[in-house]
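Residue numbers (our numbering): 1205 to 1416.
Okay, structure coming up:
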């Protein structure tokens, strides 16, 4: 298992099709970021109680960050019909920031909104390191991630605690529970020689072994 430690990450763009996507897919990673600028764009839930949940949750997941959150009101499950508006939102975000890292859904996600957002990202952020997170669900679309963020036990527990605390609207879902969230992190931890980890997919990565 090879570990590469990049230079300081100062700016991050974090993207979600729905409120809670980011926290489920990359909540432990967000908890490790520290004092960085995080620009968040969520495509749906704007103007509803879901937006209130998301803003409170992200403050808890990124307590030290310079956090900037935008939540749009695209209808859930209808991203293909609102492609232009989603693309415009990403374009506006790109004009405002040049991130060191992008966290987004991955292109193999079975949910059309997640997959659509992942497909749009490289059309706007063309030269950026992009990590695609995974979300456990009934579709059975979990793949084989190639990048892992190892997660200390306390951070894994904190992620689950915050998911339960800040998204009461989702607690009724059969997959939204402690066992599912810790279980996936445990599996990804096994795959990278840790107890817990979050897995990500990367399509393109440039390295500089000479350090120049």
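Positions of the beta carbon are idealized from the N, C-alpha and C atoms, including for glycine.
The segment 1217 to 1227 touching the segment 1249 to 1268, judged by at least three CB pairs closer than 8 angstroms: Yes, since at least three Cβ pairs between the segment 1217 to 1227 and the segment 1249 to 1268 fall closer than 8 angstroms, the two stretches touch.
Exposed unless 16 or more other CB atoms sit within 10 angstroms - verdict on residue 1303: Here residue 1303 is buried: its Cβ has 16 or more other Cβ atoms, across all protein chains shown, within 10 Å.
One or two residues paired with residue 1405 in a DSSP bridge: When DSSP reads this structure, residue 1405 sits in a beta bridge with 1336.
Distance CB(residue 1232)-CB(residue 1373) smaller than 8 angstroms: No, the Cβ-Cβ distance between residue 1232 and residue 1373 is not below 8 angstroms.
Bounding residues of the beta strand (DSSP E) (the contiguous stretch that carries residue 1417): Absent from the model: residue 1417. The displayed extent of the chain is 1205 to 1416, so no value can be given.
Straight-line Cα distance separating residue 1404 from residue 1352: Distance from the CA atom of residue 1352 to the CA atom of residue 1404, rounded to whole angstroms, is 6 angstroms.
Outcome for residue 1411 when other beta-carbon atoms lying within 10 angstroms are tallied against a minimum of 16: Looking at its Cβ environment, which holds fewer than 16 other Cβ atoms inside 10 Å, residue 1411 is exposed.
Residues that DSSP places opposite residue 1400 in a beta bridge: Beta-bridge annotation (DSSP): residue 1400 is paired with 1355.
Helix, strand or coil at residue 1236 [DSSP, three-state]: Correct three-state label for residue 1236: coil.
Coil, strand or helix - residue 1295 by DSSP: In the structure shown, residue 1295 sits in a helix (DSSP, three-state: H, G or I).
Residue 1321 versus residue 1290 - alpha carbon distance: In this structure, the alpha-carbon of residue 1321 lies about 8 angstroms from that of residue 1290.
Residue 1320 in three-state terms, based on DSSP: Helix at residue 1320.
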